[in-house]
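A.B. asks: Let me begin by handing over the structure; questions about it come next.
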Amino acid sequence: MEFTFTKIERLCSKTAIDVLFSSGKSKTQFPIKLIFKPVEFESPFPVRAMFVVPKKKHKRSNKRNTIKRRMREVYRLNKHTLYQSLQHKN
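Okay, so the sequence shown: first residue is 1 according to the numbering used here, each after it adds one.
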C-alpha cells in the first residue's frame, strides 16, 4: 500500500462539503470531531477526507496550519487500517 494523500482522496467540492455539514452524522472523541456521510462515488479510494481546525480555538494561522499538516500526516500513514476495516465490513 502506498502512503500517499492524493487530490482524489481529498474532499474539495463546495457542494459535497455543504452536504456533509448539513446532513452528515458526527462522532466526537476530544479533541477530534469526525463528521461523516456514507456516499457512493466512483473512485479507487473508499474514503475522501478533509481536515479543518476552528479559528475560535486556535487564533494564529500558523498554529492551525501546523495542526492540519500533522493530522494529514497521521491520516496518510494510518489510512491502510481504515481501508482494511471498511473492506472487512464491506
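Here a beta-carbon is modelled for each residue, glycine too, at the ideal position from N, C-alpha and C.
Note that the structure is a prediction, hence the values are computed from the model and not measured.
Can you say whether Lys63 is buried or exposed, counting buried as having 16 or more other CB atoms within 10 angstroms of its CB?
C.D. replies: Locating residue 63 in the sequence shown gives position 63, counting from the first residue. By the neighbour-count rule (16 or more Cβ atoms within 10 Å), Lys63 is not buried but exposed.
A.B. asks: Please work out which residues of its chain come closer than 8 Å, Cβ to Cβ, to Lys33, disregarding the five sequence neighbours upstream and downstream, and give them in chain order.
C.D. replies: As a working mapping, residue 33 is identified with position 33 in the sequence shown. Same-chain partners within the cutoff: Ser26, Lys27.
A.B. asks: Tell me Leu34's beta-bridge partners as DSSP assigns them.
C.D. replies: Within the sequence shown, the letter at position 34 stands for residue 34. In the DSSP output, where bridge partners are listed per residue, Leu34 has Lys27.
A.B. asks: Leaving out five residues on either side along the sequence, give the residues of the same chain with a beta carbon under 7 Å from the beta carbon of Ile67.
C.D. replies: Your numbering for residue 67 matches position 67 in the sequence shown. For Ile67, where only same-chain residues beyond five positions count, the Cβ hits under 7 Å are Val53, His58.
A.B. asks: Since Lys37 and Val19 should fall inside the 8 Å C-beta cutoff, what is the C-beta to C-beta distance between them, to a whole number of angstroms?
C.D. replies: For the purposes of this step, residue 37 is taken as residue 37 along the sequence shown, with counting starting at 1. For the purposes of this step, residue 19 is taken as residue 19 along the sequence shown, with counting starting at 1. Sure, about 7 Å apart at Cβ, within 8 Å.
A.B. asks: How many whole angstroms separate the CB atoms of Arg48 and Arg10, which I take to be in contact at a CB cut-off of 8 Å?
C.D. replies: As a first step, residue 48 is located in the sequence shown; it is residue number 48 there, counting from the start. As a first step, residue 10 is located in the sequence shown; it is residue number 10 there, counting from the start. Sure, about 7 Å apart at Cβ, within 8 Å.
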